[in-house]
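Asks: Right, I'll just put the structure down here and ask away after.
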Amino acid sequence: MTLFKIGFSVIGIYTCFLTWGVLQERISTTPYGERKDGRFRYFIFLNMIQSLMASTVAFTCLTLTRKSMIENINLSLIKKLIQVAFVGTIGPPFGYESLKHIDYPTIILVTVGVSTFMLLQPVSEKKKSLASNSLYGILLLSTNLLIDGITNSTQDQIFHKFKITGLQMMFFMNLFSGTFTFSYLLFPNNPELNNAIEFCGKYPEVFQDILLFSICGAVGQCFIFFTLQNFGSLVVVTITVTRKLFTMLISIFWFDHHLGIGQWFAVALVFSGIGLESYIKKLDNSKNKLDKIRDEKKE
Numbered sequence: 137m138t139l140f141k142i143g144f145s146v147i148g149i150y151t152c153f154l155t156w157g158v159l160q161e162r163i164s165t166t167p168y169g170e171r172k173d174g175r176f177r178y179f180i181f182l183n184m185i186q187s188l189m190a191s192t193v194a195f196t197c198l199t200l201t202r203k204s205m206i207e208n209i210n211l212s213l214i215k216k217l218i219q220v221a222f223v224g225t226i227g228p229p230f231g232y233e234s235l236k237h238i239d240y241p242t243i244i245l246v247t248v249g250v251s252t253f254m255l256l257q258p259v260s261e262k263k264k265s266l267a268s269n270s271l272y273g274i275l276l277l278s279t280n281l282l283i284d285g286i287t288n289s290t291q292d293q294i295f296h297k298f299k300i301t302g303l304q305m306m307f308f309m310n311l312f313s314g315t316f317t318f319s320y321l322l323f324p325n326n327p328e329l330n331n332a333i334e335f336c337g338k339y340p341e342v343f344q345d346i347l348l349f350s351i352c353g354a355v356g357q358c359f360i361f362f363t364l365q366n367f368g369s370l371v372v373v374t375i376t377v378t379r380k381l382f383t384m385l386i387s388i389f390w391f392d393h394h395l396g397i398g399q400w401f402a403v404a405l406v407f408s409g410i411g412l413e414s415y416i417k418k419l420d421n422s423k424n425k426l427d428k429i430r431d432e433k434k435e
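Under our numbering, the sequence shown is numbered contiguously, ending at residue 435.
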């Protein structure tokens, strides 16, 4: 049954977030319009739509399954969820901002710890002039990853301490995140909300991408929180790391990114490392089971 649940989680996360990743890159980097002169730059707005869609999906799932939304919910938990939601809210903008300075395959490889990707990139005169931008992009992305790490570990603690369901956490975290981002967009002298709405009106195709992006992200979060609740953040990280690598490969071919030989070598190293880590974990688990059986026989 455990193997079935993990397989269910992997298929769900891969299906939703591989599509989500393609849509994210298209929204963030592809020019819109007949003349290809429109670039979407309103990522707080995008984050708000994603959060509101995810909270709506979680609410719908809780209602359909007749699960209580407020069971085991108390003031201490609400405070903790607000803190995690706030930290999680400020993370994605760093990731989106980094897309302005480094390309998507680089983002994926930095996400899984391969800093050599940028170092091995073939250097042209134009790329030399963009080196500072790349460094700044990696700094932004590193901040995003640090925030993600804090969020994941805190979510683990919440599950163990408060015994809430994945759908409950998904609903409240996204509700609070959506509230934070919407409040920011309503600040005086902040034109992002109006500009984003005008952009969507001028380029209707971007709204379709945003809607699909939000739906994929929301359904994907259902699988993420299901996995968090049942298996913990380490399993989630393992699944998402491999998923991001496949997202990178799709990005390379879908958006026609060009990699050097050194970069392909870095990609191969990452896949090999993940495979080796999984094999070692399997051996360790088998050894622990054998030791346990021997100890029981001795008793």
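C-beta: ideal position from N, C-alpha, C; glycine also.
Taking DSSP as the reference, what is the three-state secondary structure of Y339?
Replies: By one-based count along the sequence shown, residue 339 stands at place 203. Y339: coil per DSSP, three-state reduction.
Asks: What's the C-alpha gap between I386 and V158?
Replies: The sequence position of residue 386 within the sequence shown is 250, counting from 1. The sequence position of residue 158 within the sequence shown is 22, counting from 1. Taking the straight line from one Cα to the other gives about 8 Å.
Asks: Can you look up Y168 in the DSSP assignment and give me helix, strand or coil?
Replies: The residue you call residue 168 lines up with position 32 of the sequence shown. In the structure shown, Y168 sits in a strand (DSSP, three-state: E or B).
Asks: Do the CB positions of E334 and Y178 come within less than 7 Å of each other?
Replies: One-based indexing of the sequence shown puts residue 334 at position 198. One-based indexing of the sequence shown puts residue 178 at position 42. Not closer than 7 Å, so no.
Asks: Where R162 and N310 are concerned, what is the direct C-alpha to C-alpha distance, given to the nearest angstrom?
Replies: Here the question's residue 162 lines up with position 26 in the sequence shown. Here the question's residue 310 lines up with position 174 in the sequence shown. Using only the alpha carbons, I get a separation of about 23 Å.
Asks: Please report how far the alpha carbon of I142 lies from the alpha carbon of F195, in whole angstroms.
Replies: Numbered from 1 along the sequence shown, position 6 holds the residue referred to as residue 142. Numbered from 1 along the sequence shown, position 59 holds the residue referred to as residue 195. Cα to Cα, I142 sits roughly 24 Å from F195.
Asks: Are the Cβ atoms of L188 and G314 separated by less than 7 Å?
Replies: The residue you call residue 188 lines up with position 52 of the sequence shown. The residue you call residue 314 lines up with position 178 of the sequence shown. Yes, the pair counts as a contact, with Cβ atoms nearer than the cut-off.
Asks: Measure the C-alpha to C-alpha separation of S212 and S191 and round it to an integer number of angstroms.
Replies: For this step, residue 212 is matched to residue 76 along the sequence shown. For this step, residue 191 is matched to residue 55 along the sequence shown. Going from the Cα of S212 to the Cα of S191 covers about 21 Å.
Asks: In whole angstroms, give me the CA-to-CA distance for T376 and V193.
Replies: Taking the sequence shown and counting its residues from 1, one reaches residue 376 at position 240. Taking the sequence shown and counting its residues from 1, one reaches residue 193 at position 57. Those two C-alpha atoms are separated by around 21 Å.
Asks: Given that a residue counts as buried once 16 or more other Cβ atoms are within 10 Å of its Cβ, and exposed if not, what is I206?
Replies: Residue mapping note: residue 206 aligns to position 70 of the sequence shown, counting from 1. Counting Cβ neighbours within 10 Å, I206 comes out exposed, since fewer than 16 surround it.
Asks: Using a threshold of 7 Å, state whether the C-beta atoms of N366 and K299 are closer than that.
Replies: Here residue 366 refers to the residue found at position 230 of the sequence shown. Here residue 299 refers to the residue found at position 163 of the sequence shown. No. Outside cutoff.
Asks: Please classify D345 as buried or exposed, where buried requires at least 16 other C-beta atoms within 10 Å of its C-beta.
Replies: Counting from one through the sequence shown, the residue named residue 345 turns up at place 209. The residue is buried, with at least 16 neighbouring Cβ atoms inside 10 Å.
Asks: Going by beta-carbon coordinates alone, are M305 and F361 separated by less than 7 Å?
Replies: Locating residue 305 in the sequence shown gives position 169, where the first residue counts as 1. Locating residue 361 in the sequence shown gives position 225, where the first residue counts as 1. Yes, the Cβ-Cβ distance between M305 and F361 is below 7 Å.
Asks: Less than 8 Å between C-beta atoms, sequence neighbours within five positions excluded: which residues of the same chain meet that for I214?
Replies: Counted from its first residue, the sequence shown places residue 214 at position 78. Only F308 meet the Cβ criterion.
Asks: G224 by DSSP, collapsed to three states: which one?
Replies: On the sequence shown, position 88 is the one that residue 224 refers to. Note: G224 maps to helix in three-state DSSP.
Asks: Which of the three DSSP states is assigned to G353 in this structure?
Replies: As a working mapping, residue 353 is identified with position 217 in the sequence shown. In the structure shown, G353 sits in a helix (DSSP, three-state: H, G or I).
Asks: What number of angstroms, rounded off, separates the C-alpha of G368 from the C-alpha of F382?
Replies: Walking along the sequence shown from the start, residue 368 turns up at place 232. Walking along the sequence shown from the start, residue 382 turns up at place 246. Answer to the nearest angstrom: the Cα atoms are 22 Å apart.
Asks: Please report the Cβ distance between C197 and C352, rounded to the nearest whole angstrom; I am assuming they are in contact, meaning their Cβ atoms lie under 8 Å.
Replies: The residue you call residue 197 lines up with position 61 of the sequence shown. The residue you call residue 352 lines up with position 216 of the sequence shown. Actually they do not touch by this definition, with Cβ atoms about 16 Å apart.
Asks: Can you tell me which of the three DSSP states G157 falls into?
Replies: Here residue 157 corresponds to residue number 21 of the sequence shown, with the count starting at 1. Of the three classes helix, strand and coil, the one that applies to G157 here is helix, per DSSP.
Asks: Run through DSSP, which three-state label would L139 get?
Replies: Taking the first residue of the sequence shown as 1, we reach residue 139 at position 3. If DSSP states are grouped into helix, strand and coil, L139 belongs with the helices.
Asks: Whole angstroms are fine: how far does the CA of R175 sit from the CA of P167?
Replies: Your numbering for residue 167 matches position 31 in the sequence shown. Your numbering for residue 175 matches position 39 in the sequence shown. Approximately 5 Å between the Cα atoms of the pair.
Asks: Going straight from the alpha carbon of N330 to that of T363, what length do you get?
Replies: In the sequence shown, counting from the first residue as 1, residue 330 sits at position 194. In the sequence shown, counting from the first residue as 1, residue 363 sits at position 227. When rounded, the distance between both Cα atoms is 37 Å.
Asks: So the candidates are W156, L303, M184, K297; which of them puts its Cα closest to the Cα of L200?
Replies: Taking the first residue of the sequence shown as position 1, residue 200 is located at position 64. Comparing Cα positions, the closest option is L303.
Asks: Where do the ends of the alpha helix (DSSP H) carrying Y320 lie?
Replies: What you label residue 320 is simply residue 184 of the sequence shown in a count that begins at 1. Note, Y320: alpha helix (DSSP H), 302 to 321.
Asks: From the DSSP secondary-structure annotation, give me the bridge partner or partners of G368.
Replies: For the purposes of this step, residue 368 is taken as residue 232 along the sequence shown, with counting starting at 1. None, per the DSSP bridge assignment.
Asks: Given N326, which residues of its chain have a CB within under 6 Å of its CB, disregarding the five upstream and five downstream residues?
Replies: Here residue 326 is taken as the residue at index 190 of the sequence shown, counted from 1. So no residue of the chain qualifies.
Asks: On the CB-based measure, 16 or more other CB atoms within 10 Å of its CB, does T301 come out buried or exposed?
Replies: The residue you call residue 301 lines up with position 165 of the sequence shown. Classification of T301: buried, given that the 10 Å Cβ count is 16 or more.
Asks: Looking only at C-alpha atoms, which of M184, E170, F312 sits nearest to L321?
Replies: Within the sequence shown, residue 321 is the residue found at index 185, counting from 1. The option with the nearest alpha carbon to L321 is M184.
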